[in-house]
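In my numbering, the protein residues as written are 10 to 101. For glycine and all other residues, C-beta sits at the position ideal for the given N, C-alpha and C. Each remark here refers to the structure printed beneath this line.
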């Protein structure tokens, strides 16, 4: 008998347990409409929020050191543009 088991109650707020694939996925990207107004489920790590209310999308990064969302790109267009390369690189 192996010890390969997971207690879902012990997983942090960014963990999703896939019963079919028997895997745990850790989220780090949130999509929504409009600027983010609430903190992510796990505030101790960085998150990327994609505001899809405009085209191209607006990108925000959760900065745990100051517990706030910081806008890092004004657009992440699709098609031939790909992601806009105006990210603010934040140390961490």
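Asked                                                                                                                                            : Found
Using the beta-carbon count (16 or more within 10 Å), is residue 27 buried or exposed?                                                           : exposed
If we ignore side chains and look at the alpha-carbon of each, how far apart do residue 45 and residue 81 end up?                                : 13 Å
From the DSSP output, which residues share a beta bridge with residue 71?                                                                        : 78
Among residues of its own chain, excluding the 5 on either side of residue 42, which ones have a beta-carbon nearer than 8 Å to its beta-carbon? : 60, 61 and 62
Quick one, which of 19, 23, 18 and 16 has its alpha-carbon nearest residue 56's?                                                                 : 23
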